[in-house]
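Chains as they are written, first to last, in this note's numbering: chain W, 87 to 269; chain A, 87 to 269. Where a beta carbon is used, it is the ideal one built from N, C-alpha and C, also for glycine. As the structure is a computational prediction, the values presented were derived from the model and not from experiment. Read through the structure below, which is laid out as structure tokens, and then see the notes.
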DNA sequence: ACCTGAACACCGTTCAAGT
DNA sequence: ACCTGAACACCGTTCAAGT
């Protein structure tokens, strides 16, 4: 809600910082990206970052939210493709940020902000999955579990190096599993 | 292959260091455990650790190998239990070290030693899975994929906080999937 | 309100020196 | 061969001071 010049400048600066952070986190990973690097890319002094964010974890959360927003607009455009194709697109979208999957899990025990973000993210992802599972005659409990399993498999593919053949075969298997009607 | 007093002392000291490292990594996580903490627990100067290990990642590898050795002797004792019970035991065994699952994935991009260890670990785990899938009429390709999926689900359960009900239901589902004959 | 220079405590790691 | 004290470069973060 930018109301005047001052607010607009603030938002501009903040956007600049978050873009720098997201870009560097994705490219080099969280740990290998120092606050000094982010500051340099955003053209501010390192300690200025602490005016906008409480600490490095909060900056990661801001960057993650940017990436998720991109993902949500992306997925809206492929609604009508077959399920395994949709899954492949999702993986390819997150692949460039695959380092951050591991980072989020690693920081779960260290940071409450990351914990909160992670919880919300999975709720969102489960909702997306469950919506796709709609009208397949699954009970709510079954649908929830299939969503969980689907998420685990996607995370697995993102977290672990794997061969070119492994990915489509796992995804085809998963799509098949998700498409099957309840017994 | 300890051949004399000197070698025995060396092995003793090294064991002491690795035990301290494994204990602290498991309790506090990799990042929150400093080389200084490990050194203090093993009663040496911090830089002494670098006589035995190239760097902190190599120390993590040594600690991981210790934990895996424990796991292997553990799993041998539960061969005759039903599959979902075996899976539950595996998860419970790794749960105390669940922080390290995320750490290994996070350091995959940073350290070649971790990359090597991770590759070997999954080869080992796949072999265990595939052996359990034996004589179920699966093709080698199918068995390999089921092993991959099984691993991903276990990693998912270890990496993500989940409810008390979620775990047994996912594991029962997985055990069922693994037990089913090929079509 | 926003930004900075300087400093702080800590980190993994190295090196020259000891035994 | 094994171990150490001292130092190095870097890290995230804080604080007092500026505008």
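Rounded to a whole number of angstroms, what is the C-alpha to C-alpha distance between residue i and residue j?
i	j	result
residue 192 (chain W)	residue 142 (chain W)	14 Å
residue 172 (chain W)	residue 122 (chain W)	38 Å
residue 170 (chain A)	residue 258 (chain A)	6 Å
residue 231 (chain W)	residue 128 (chain A)	45 Å
residue 225 (chain A)	residue 234 (chain A)	14 Å
residue 263 (chain A)	residue 215 (chain A)	13 Å
residue 228 (chain W)	residue 255 (chain A)	10 Å
residue 97 (chain W)	residue 134 (chain W)	14 Å
residue 112 (chain A)	residue 217 (chain W)	38 Å
residue 174 (chain W)	residue 125 (chain A)	46 Å
residue 140 (chain W)	residue 182 (chain A)	30 Å
residue 201 (chain A)	residue 242 (chain W)	16 Å
For residue i, return the contacting residues in chain A, with the cut-off set at a CB-CB distance below 7 Å.
i	result
residue 231 (chain W)	255, 256 and 259
residue 189 (chain W)	192
From the DSSP output, in three-state form, read off residue i for me.
i	result
residue 265 (chain W)	helix
residue 87 (chain A)	In this predicted model, residue 87 (chain A) has a pLDDT of only 45, less than 50, meaning its place in the structure is not dependable; the value taken from the coordinates is given anyway. In this structure, residue 87 (chain A) counts as coil in the three-state DSSP scheme.
residue 166 (chain W)	coil
residue 131 (chain A)	coil
residue 247 (chain W)	coil
residue 205 (chain A)	helix
residue 119 (chain A)	coil
residue 219 (chain A)	coil
residue 229 (chain A)	helix
residue 98 (chain W)	helix
residue 196 (chain A)	coil
residue 142 (chain W)	helix
residue 173 (chain A)	helix
Report whether the distance from the Cβ of residue i to the nearest heavy atom of the ligand HEM is below 7 Å.
i	result
residue 192 (chain A)	No copy of the ligand HEM occurs in the structure displayed, which carries no ligand at all.
Using a Cβ-Cβ cutoff of less than 7 Å, which residues in the same chain neighbour residue i once the five nearest sequence positions on both sides are dropped?
i	result
residue 99 (chain W)	none
residue 204 (chain A)	190 and 194
residue 104 (chain W)	148, 149 and 152
residue 211 (chain W)	237
residue 265 (chain A)	169
Using a cut-off of 9 Å between C-beta atoms, extract the partners of residue i located in chain A.
i	result
residue 242 (chain W)	234, 235, 237, 238, 239, 241 and 242
residue 252 (chain W)	230, 231 and 234
Suppose the cutoff is 6 Å on Cβ atoms and the five residues either side in sequence are ignored; what does the same chain contact list for residue i look like?
i	result
residue 185 (chain A)	115
residue 239 (chain A)	260
Find the residues of chain W that neighbour residue i, judging by a C-beta separation of less than 8 Å, and give them in chain order.
i	result
residue 196 (chain A)	115, 117 and 118
Can you list the residues of chain W that residue i reaches, using a CB-CB cut of under 7 Å?
i	result
residue 225 (chain A)	The contacting residues do not exist; residue 225 (chain A) stays about 12 Å from chain W at best.
Taking 8 Å as the limit between beta carbons, can you name the residues of its chain near residue i, skipping five residues before and five after?
i	result
residue 144 (chain W)	199
residue 180 (chain W)	157, 187, 240 and 244
Going along chain A in order, which residues have a C-beta closer than 8 Å to the C-beta of residue i?
i	result
residue 185 (chain W)	192 and 195
For the segment 204 to 217 of chain A, which residues have a beta carbon sitting closer than 9 Å to at least one beta carbon of chain W? Those residues of the segment 204 to 217 of chain A that come within reach of chain W (Cβ to Cβ, closer than 9 Å) are 204, 205 and 208.
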